[in-house]
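> Here it is, the structure, as structure tokens.
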Amino acid sequence: MGDTHPDAHPADFIKDGNELTHLDKDQSKPALIILNQPIADTKVLGRLWNHTSYRLCADGGANQLYDLFNQNDPSQLDRYLPNIIHGDLDSLREDVKSYYKEHNVEVTEDPDQYSTDFGKAIKQVLREQPWQRNFLVLGTIAGRLDQGIGLLSEIYREQHSKQHANIRFWLFSESSISFTLSPGTTTIHTPLGERVITPNIGILPIFGPAHISTNGLEWDVTDWHTQMGGQVSTSNHIVEDQITISTDAEVLFTVERRKSVAG
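With our numbering, the residue at position 182 of the sequence shown is 172, and numbering never jumps.
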């Protein structure tokens, strides 16, 4: 089914440590975008932070970062200072804005009402890191369903624009990691023994009908037709340390992460 794409290593981003061993030597660490959704797990936030080179709070995402530590461990507040808070700033609280400005965090406003804070965040990251190819996005599919679907629509548009065709977005919610698979074949590394992900996965044709083939799942399929309103794979299970998925159209892959990651 078309091209073979670079391997995907979703579990690596929430492993302990600072190194992402799957990155090529000439690749920089990913960028982190924190959206305006409650952050439930300080350990996972810390690991995403350690694995990234540039951290941006999209408008009210700064409220979530501040509240996480202010309510649980205020001594950590000044350890987790983002590079920038960016957006239209209609959700950013004044106390949060004052705290981060006092700690030399840049706060910039983009008043464009025709783009979302997520879209503004992508542009800001690429202004600072035009070479960036991996975006870790925290606070994605939780919260309002319409905003979650809007986010997926925006990711689809970004990945189909000529200037951003090589970018991959990794979406982290309180219970899962999701990312899109382009037409072709992708090998996904799924190290269950490292106890950061569970065997539970889904493959959703949210962008349109697709035919998929899989290897390494409990219920593998070959040239299986899937579409919304028809057959969809939402309850399959990983049985190997790596799985292979081939598709003729873009699909969303989701793997459940453990509620308490190892380490």
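Here a beta-carbon is modelled for each residue, glycine too, at the ideal position from N, C-alpha and C.
Being a predicted model, the structure only gives us computed values, none of them experimental.
Quick one: measure Cβ to Cβ for Pro20 and His41, integer angstroms, because I've assumed they're closer than 8 Å.
7 Å
> Output the distance between the C-alpha atoms of Asp85 and Tyr56, rounded to the nearest integer angstrom.
10 Å
> Nearest-angstrom Cα distance between Gly7 and Arg37?
7 Å
> Using a Cβ-Cβ cutoff of less than 6 Å, which residues in the same chain neighbour Leu161 once the five nearest sequence positions on both sides are dropped?
Val127, Thr130 and Ser168
> Apart from the five residues just before and just after Trp121, which ones in its own chain have a Cβ nearer than 8 Å to its Cβ?
Ser18
> Name the DSSP beta bridge partners of Phe162, please?
Leu128 and Ile167
> Could you pull out every residue in the same chain whose Cβ sits closer than 6 Å to the Cβ of Ile196, ignoring the five residues on either side in sequence?
Leu242
> Roughly how many angstroms lie between the CA atoms of Lys33 and Lys249, to the nearest whole one?
If I take the Cα positions, the gap works out to 10 Å.
> Would you call the CB atoms of Ile193 and Val245 closer than 8 Å?
no
> What number of angstroms, rounded off, separates the C-alpha of Leu207 from the C-alpha of Glu148?
30 Å
> Give the DSSP-derived three-state secondary structure of Phe243 in the structure shown.
In the structure shown, Phe243 adopts extended strand secondary structure according to DSSP, grouped into three states.
> Count the other CB atoms within 10 Å of the CB of Thr204; is the residue buried (16 or more) or exposed (fewer)?
buried
> With DSSP collapsed to three states, give me the class of Ser88.
Looking at Ser88 - three-state DSSP - the assignment turns out to be helix.
> Would you kindly check if the distance between the Cβ of Leu58 and the Cβ of His35 is under 8 Å?
Per the sequence shown, residue 35 should be read as Leu rather than His. Cβ distance < 8 Å, so Leu35 and Leu58 count as in contact.
> Which runs of the beta strand (DSSP E) spanning at least 3 residues fall entirely within the stretch 169 to 224, listed in chain order?
Restricted to the stretch 169 to 224, the beta strand (DSSP E) segments that are unbroken, complete and at least 3 residues in length are 174 to 179, 187 to 194, 200 to 205 and 214 to 216, listed in chain order.
> Just reading off the alpha helix (DSSP H) that Gly138 is part of, what are its end residues?
Leu135 to Gln149
> What are the boundary residues of the alpha helix (DSSP H) that includes Arg69?
Where Arg69 is concerned, there is no enclosing alpha helix (DSSP H), given that its DSSP letter is neither H nor E.
> Do Gln61 and Gln27 have their C-beta atoms within less than 8 Å of each other?
no
> Could you tell me if Asp139 is buried or exposed, where buried requires 16 or more neighbouring beta carbons within 10 angstroms of its beta carbon?
The amino acid occupying residue 139 in the given sequence is Ile; Asp does not appear at that position. Looking at its Cβ environment, which holds fewer than 16 other Cβ atoms inside 10 Å, Ile139 is exposed.
> Could you check the C-alpha separation between Asp68 and Thr98 for me, to the nearest Å?
20 Å
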